[in-house]
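Those sequence lines, one after another, are chains A and B. Per numbering that gives the first Met the number 0, residue 0 is the first one in the first sequence, and the count goes up by one each step. Per numbering that gives the first Met the number 0, residue 0 is the first one in the second sequence, and the count goes up by one each step. Cβ atoms here follow ideal geometry from the backbone N, Cα and C, with glycine treated the same way. Notes follow the structure.
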Amino acid sequence: MRPSKLLRSSNFRLALIYMALFGASVLLLLGFIYWSTVSYMGRQTDAIIEAEIAGLAERYRLRGLVGLTNLIAERLSRKPAGSSIYLLADRGFRPLVGNLDRWPAVPETPDGWVIFRLEEEAVDNGQVRRARARTFQLRGGFNLLVGRDMQELEAIQQLIVRTLIWGLAIMTILALAGGSMMTRSMMRRIETISATSREIMTGDLSRRIPTKGTGDDFDRLTGNLNSMLDRIETLMENVRRVSDNIAHDLRTPLARLRNRLELLRMQKAGSEQLRETVEQAVSEADGLLSTFNALLRIARIESGSGRAGFTDVNLASMMRDVVDLYEPLAEEKRQHLRMRLTGDLRACGDRDLLFQAIANVIDNAIKYTPTGGTIEVSTDTNSNGGRITVADSGPGIPVQAREKVFERFFRLDASRTTPGSGLGLSLVAAVAKLHDIKVLLKDNRPGLRVILVFTTTASSELSGSWRHKK
Amino acid sequence: MRILVIEDDADTAAYIRKGLKEQGHVVDHAQDGKEGLFMALEQSYDVTIVDRMLPGLDGLSIIQTLRTSGNNTPVLILSALGEVDDRVQGLRAGGDDYLVKPFAFSELLARLEALVRRADTEAAETSLRVDDLQLDLLTRVVKRAGQVIELQPREFRLLEYLMRHAGQVVTRTMLLENVWDYHFDPQTNVIDVHVSRLRRKIDKEFGQPLLHTIRGAGYTLRASE
Chain A
0 MRPSKLLRSS NFRLALIYMA LFGASVLLLL GFIYWSTVSY MGRQTDAIIE
50 AEIAGLAERY RLRGLVGLTN LIAERLSRKP AGSSIYLLAD RGFRPLVGNL
100 DRWPAVPETP DGWVIFRLEE EAVDNGQVRR ARARTFQLRG GFNLLVGRDM
150 QELEAIQQLI VRTLIWGLAI MTILALAGGS MMTRSMMRRI ETISATSREI
200 MTGDLSRRIP TKGTGDDFDR LTGNLNSMLD RIETLMENVR RVSDNIAHDL
250 RTPLARLRNR LELLRMQKAG SEQLRETVEQ AVSEADGLLS TFNALLRIAR
300 IESGSGRAGF TDVNLASMMR DVVDLYEPLA EEKRQHLRMR LTGDLRACGD
350 RDLLFQAIAN VIDNAIKYTP TGGTIEVSTD TNSNGGRITV ADSGPGIPVQ
400 AREKVFERFF RLDASRTTPG SGLGLSLVAA VAKLHDIKVL LKDNRPGLRV
450 ILVFTTTASS ELSGSWRHKK
Chain B
0 MRILVIEDDA DTAAYIRKGL KEQGHVVDHA QDGKEGLFMA LEQSYDVTIV
50 DRMLPGLDGL SIIQTLRTSG NNTPVLILSA LGEVDDRVQG LRAGGDDYLV
100 KPFAFSELLA RLEALVRRAD TEAAETSLRV DDLQLDLLTR VVKRAGQVIE
150 LQPREFRLLE YLMRHAGQVV TRTMLLENVW DYHFDPQTNV IDVHVSRLRR
200 KIDKEFGQPL LHTIRGAGYT LRASE
């Protein structure tokens, strides 16, 4: 499976959207945890500092400076030392007692809070350690500072951030892997369905989509599609039978009628006028019969069953034969029928059907091009096939009618008076579809340009030339 | 001609018999495959018409049995199918010609006569002659009343086919299949144009026309009566 195909799959896009949504909510949740933890811890620290300050101030009030220094000394000597910072300084901020060298030279907030660097341990794992402290002026001009080393708090903060980033990264990777795995397995099943439907569209209606037998929703969908195909196959079969029956059932009595008329004509008796009338009746019947035959023929070709008889066909020499056959007809209308063959154009197909299709196109060109006009027939080849072009200087086909001319019995208003069944191009379309040939109708300014595009050359598959034998 | 018809459809059989009898031929009819095979082996016929789908024994098996027993009577296969594949299969089994139902009686008659004639004139000929029209197969020179007529290669093949079947009716389909070698259904009667071109060359300058149009059937090349 190609990555671009994976990216274009709706399933994978769904997985991506899901992942983004999930990621955003996890991010939000972790963010909230981070925020609430950090602010709670900050508040907690501040409350402890406040309490200590209050305690120390109370001590000072009761026991004086000695009591306070004793208490600070006692707290500092506690093991483990913890992250507490104490400093008692005199009026000129000269330290008296405490575990800080000097009073921090940072401006304090109006309510007495300061954040400063711990200089003695400035370099610790390349990190600057900071402390948060509360200053308090005691009566008698002494300054008291109580604080906490914030390393621990910051470490916790960093831990949370790291966890958050790692969590997100792992989640993204897992979601991508899981999403693509799920998408691949889904795509495989969808690919089975679309491969089967492609085969069905090329004419193999008997194909069915395989089920896994797990009874999951895909199996149910497959089951439904298969029963729909069964139904379509039955309907198609019915339609084919009905149309075949109609054509066959009408063809046989019509043929009998024609033959009775023929037997009548063979009898020597009868006036010249009677013979004339019988003659006309026979040719009318012939016209009807050939229409029925053409209809049945199109139906057979469209059913796609004729591929078994495909052989390598030399289209260039076939073109020569068609032009050779139709050249006198063009000459009769004083038209210039020109042929230009370049390259060795070959195709895998049914020789007689391809001849019929090309003949129909040229026949049309001669029929609709006015006397003295020009018809140019050409072939050219390229790396992946080739083209047959039949360009005439006739009235052309209006753009809006170009799709319709391939329908059965469709005729342009302008051509209602010209003889023909309206099945010629339908047959061309049916033959083209059977052979995977694209039929393009282009403006020749003036006139029509019919291009048959062959996309695969059979020369590589079938070697040697094949001659049709009698 | 003595003709054997192996056909199970009573209507078709009756119609073929009636038409052929009117043309002065002797017709035997078999209703099913086995009976038909017995008749074909026991008696000698000029040509056999076999339907492809038969009760008892199908048409292709009959032909194969006849051929393996050394019977080379020309066989025309009748079939309601008419796909190219079927035609190829039928001819491969040993049939000599193939006609799809429903068919025109004139087509059947023309093909039967062509088959019998082909069996008669198996010997290699070097020149063909109809009245004062002469065609040399080796030098590829065509002369009428001693005068050389220039023909295009395709016109030569057309004339050759007509001369090989001189006196018989040749249908347009037969010409398409044998001179152009394609089985297809032309929308316009292109063959007529080719024939009238040929006619201009071989008949126009000369008093008696040799190439005649048989209305509703095809053409025939024959000496003037």
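Beta-carbon contacts of residue i that lie in its chain and below 6 Å, excluding the five residues immediately before and after
{"i": "GLY18/B", "result": "PHE104"}
{"i": "LEU174/B", "result": "ILE190"}
{"i": "ARG386/A", "result": "ASP379, ILE450, VAL452"}
{"i": "VAL277/A", "result": "LEU260, LEU263, ARG264"}
Beta bridge counterpart(s) of residue i as assigned by DSSP
{"i": "MET338/A", "result": "VAL376/A"}
{"i": "TYR218/B", "result": "VAL169/B, THR212/B"}
{"i": "ASP50/B", "result": "LEU77/B"}
{"i": "HIS28/B", "result": "VAL4/B"}
{"i": "THR388/A", "result": "SER377/A, ILE450/A"}
{"i": "SER83/A", "result": "ARG147/A"}
{"i": "PHE115/A", "result": "ALA130/A"}
{"i": "ALA346/A", "result": "VAL312/A"}
{"i": "ALA88/A", "result": "PRO94/A, ASN142/A"}
Cut-off 7 Å between Cβ atoms - residues of its own chain near residue i, not counting five sequence neighbours on either side
{"i": "GLY463/A", "result": "Reliability fails at GLY463/A, whose pLDDT of 36 lies under 50, so the model's placement of it is uncertain and the value that follows must be treated cautiously. Result list for GLY463/A: empty, nothing under 7 Å."}
{"i": "ARG45/A", "result": "The amino acid occupying residue 45/A in the given sequence is Asp; Arg does not appear at that position. So the list is empty, once near-sequence residues are dropped."}
{"i": "VAL478/A", "result": "With chain A covering only 0 through 469, there is no way to say anything about residue 478/A."}
{"i": "LEU134/B", "result": "SER126, LEU127, VAL141, LEU158, GLU159, MET162"}
Inter-residue spacing [alpha-carbon to alpha-carbon] between residue i and residue j
{"i": "LYS203/B", "j": "ARG196/B", "result": "10 Å"}
{"i": "GLY178/A", "j": "LYS432/A", "result": "40 Å"}
{"i": "VAL169/B", "j": "ASN381/A", "result": "43 Å"}
{"i": "VAL49/B", "j": "TYR14/B", "result": "15 Å"}
{"i": "ASP45/B", "j": "LYS437/A", "result": "49 Å"}
{"i": "GLU57/A", "j": "PHE135/A", "result": "12 Å"}
{"i": "TYR33/A", "j": "ALA130/A", "result": "20 Å"}
{"i": "SER38/A", "j": "ILE192/A", "result": "57 Å"}
{"i": "TYR507/A", "j": "ARG138/A", "result": "It is not possible to answer for residue 507/A, since the shown part of chain A is limited to 0 through 469."}
{"i": "LEU136/B", "j": "GLU236/A", "result": "53 Å"}
{"i": "GLY384/A", "j": "GLU301/A", "result": "23 Å"}
{"i": "TRP102/A", "j": "GLY140/A", "result": "14 Å"}
{"i": "THR11/B", "j": "ARG156/B", "result": "34 Å"}
{"i": "GLY212/A", "j": "SER24/A", "result": "37 Å"}
{"i": "LEU65/B", "j": "LEU40/B", "result": "7 Å"}
Outcome for residue i when other beta-carbon atoms lying within 10 angstroms are tallied against a minimum of 16
{"i": "PRO397/A", "result": "exposed"}
{"i": "ALA121/A", "result": "In this predicted model, ALA121/A has a pLDDT of only 45, less than 50, meaning its place in the structure is not dependable enough to derive any value."}
{"i": "GLY35/B", "result": "buried"}
{"i": "MET180/A", "result": "exposed"}
{"i": "PRO185/B", "result": "buried"}
{"i": "HIS182/B", "result": "buried"}
{"i": "ILE52/A", "result": "buried"}
{"i": "GLN167/B", "result": "buried"}
{"i": "LEU3/B", "result": "buried"}
{"i": "PRO369/A", "result": "exposed"}
{"i": "PHE102/B", "result": "buried"}
{"i": "GLN266/A", "result": "exposed"}
{"i": "TRP179/B", "result": "buried"}
Close Cβ partners of residue i (< 8 Å) along its chain, the five nearest in sequence each way excluded
{"i": "LYS4/A", "result": "MET186"}
{"i": "ASP8/B", "result": "ASP50"}
{"i": "LEU340/A", "result": "ALA315, MET318, ARG319, SER377, THR378"}
Span of the beta strand (DSSP E) around residue i
{"i": "HIS193/B", "result": "Counting along the chain, HIS193/B falls outside any beta strand (DSSP E), though it belongs to the alpha helix (DSSP H) covering 189 to 201."}
{"i": "GLY146/A", "result": "142 to 148"}
{"i": "PHE135/A", "result": "129 to 136"}
{"i": "LEU98/B", "result": "96 to 99"}
{"i": "THR310/A", "result": "310 to 313"}
{"i": "GLY97/A", "result": "94 to 97"}
{"i": "LEU440/A", "result": "436 to 442"}
{"i": "GLY139/A", "result": "Run containing GLY139/A: none; DSSP gives neither H nor E here."}
{"i": "LEU137/B", "result": "Where LEU137/B is concerned, there is no enclosing beta strand (DSSP E), given that its DSSP letter is neither H nor E."}
{"i": "ILE148/B", "result": "146 to 148"}
Segment limits, alpha helix (DSSP H) that includes residue i
{"i": "LEU127/B", "result": "Segment 126 to 129 is the beta strand (DSSP E) holding LEU127/B; no alpha helix (DSSP H) there."}
{"i": "ILE52/A", "result": "9 to 76"}
{"i": "ALA141/B", "result": "The sequence given here has Val at residue 141/B, not Ala. Taken as a continuous stretch (DSSP letters only), VAL141/B belongs to no alpha helix (DSSP H), being part of the beta strand (DSSP E) at 141 to 143."}
{"i": "GLY423/A", "result": "423 to 433"}
{"i": "LYS20/B", "result": "9 to 21"}
{"i": "LEU295/A", "result": "271 to 301"}
{"i": "LEU157/B", "result": "152 to 163"}
{"i": "GLY206/B", "result": "Premise fails: GLY206/B is in no alpha helix (DSSP H) and is neither H nor E."}
Contact test: residue i Cβ vs the ligand ADP heavy atom, cutoff 7 Å
{"i": "ALA14/A", "result": "You won't find the ligand ADP in this model; it holds no ligand whatsoever."}
8 Å Cβ cutoff, residue i in contact with chain C
{"i": "VAL74/B", "result": "Absence of chain C from the displayed structure is noted, the protein chains being A and B."}
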